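In my numbering, the protein residues as written are 6 to 241.
Backbone N, C-alpha and C define an ideal beta-carbon position, used for all residues, glycine too.
Everything numeric in this text was worked out from a predicted model, so none of it was measured.
Heads up, the thing below is written out as structure tokens.
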């Protein structure tokens, strides 16, 4: 019991009661710019639903056709969310180090009794908190695609968790680069370019038949026949 209690106290101080996490979340959540980021994120998701789901509203067809259209709309929203997470997360996390350096508080932070783990996890999770809140805010929009069938609750949760993991990976990479390279705007810009090239290149190669798994069943992505690619584990 003593070991479990010590582990609980260690975990509590490392993440839940982390001073950096508590300070940033309690003060940053009141900023107007974060409000506009959430509004813009939701507007983009809703616009994607209107763009790809307009056939549901304008034509009266069978339930099978409505379910198919709803599935395609869900896929479009999922891809848009993944694309935005790949860029929103680095924007928030990279600023964690640059903000401390610009205000000359990084060296002061290193002299505090906080451990290295508390500083790292506090700086990372305090920024990812706002990104994950965006995902939770977009869940009601996802539920719109479930009205006409073709989309299950499991698929919605899996898509949300995939986007959260993508934000964690890209955010961790961005905050690491900001520490190693000094966090300059040029460095972060090239990181965004690298993420875009990586996503587009692997996505294009995955859609093509050259990297398809022969045993995988043939599916359809926006009415285009596709198969699972060997590159799937390396692409969100």
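- Straight-line spacing of the CA atoms in residue 48 and residue 173 works out to 23 Å.
- For residue 121, the enclosing alpha helix (DSSP H) starts and ends at 121-149.
- Leaving aside the five residues that flank residue 72 on each side, the residues in its chain whose CB is nearer than 7 Å to its CB run, in chain order, 153, 154 and 155.
- Around the Cβ of residue 59, a 10 Å sphere holds fewer than 16 other Cβ atoms; the residue is exposed.
- Distance from the CA atom of residue 39 to the CA atom of residue 203, rounded to whole angstroms, is 28 Å.
- In this structure, residue 125 sits away from residue 147, with a CB-CB distance that is not shorter than 9 Å.
- Rounded to whole angstroms, residue 42 and residue 89 show a C-alpha spacing of 11 Å.
- Of the candidates 99, 237 and 143, 99 places its Cα closest to the Cα of residue 133.
- When secondary structure is reduced to three states using DSSP, residue 234 falls in the strand class.
- Between residue 114 and residue 11, the alpha-carbon positions lie close to 25 Å from each other.
- A distance below 8 Å between beta-carbons, with the five flanking residues on each side excluded, links residue 137 to the following residues of its chain, in chain order: 169 and 172.
- Closest in C-alpha terms to residue 139, from the list 237, 91, 32 and 25, comes 91.
- Assigned with DSSP and collapsed to three states, residue 217 falls in strand.
- Here residue 83 has 164 as same chain residues with Cβ atoms under 7 Å from its own Cβ, once five neighbours each way along the sequence are excluded.
- When DSSP states are grouped into helix, strand and coil, residue 156 belongs to the coil group.
- For residue 67, the three-state secondary structure derived from DSSP is coil.
- Residue 199 has its alpha-carbon roughly 23 Å from the corresponding atom of residue 104.
- In the three-state DSSP reduction, residue 118 falls in the coil class, being neither helix nor strand.
- Secondary structure at residue 199: helix, using DSSP grouped into helix, strand and coil.
- Secondary structure at residue 240: coil, using DSSP grouped into helix, strand and coil.
- Between residue 54 and residue 78, the gap from beta carbon to beta carbon is short of 9 Å.
- A residue is called buried once 16 or more other Cβ atoms fall within 10 Å of its Cβ, and residue 131 is buried on that count.
- The beta carbon of residue 193 is closer than 6 Å to those of 99 in its chain, skipping five residues each way along the sequence.
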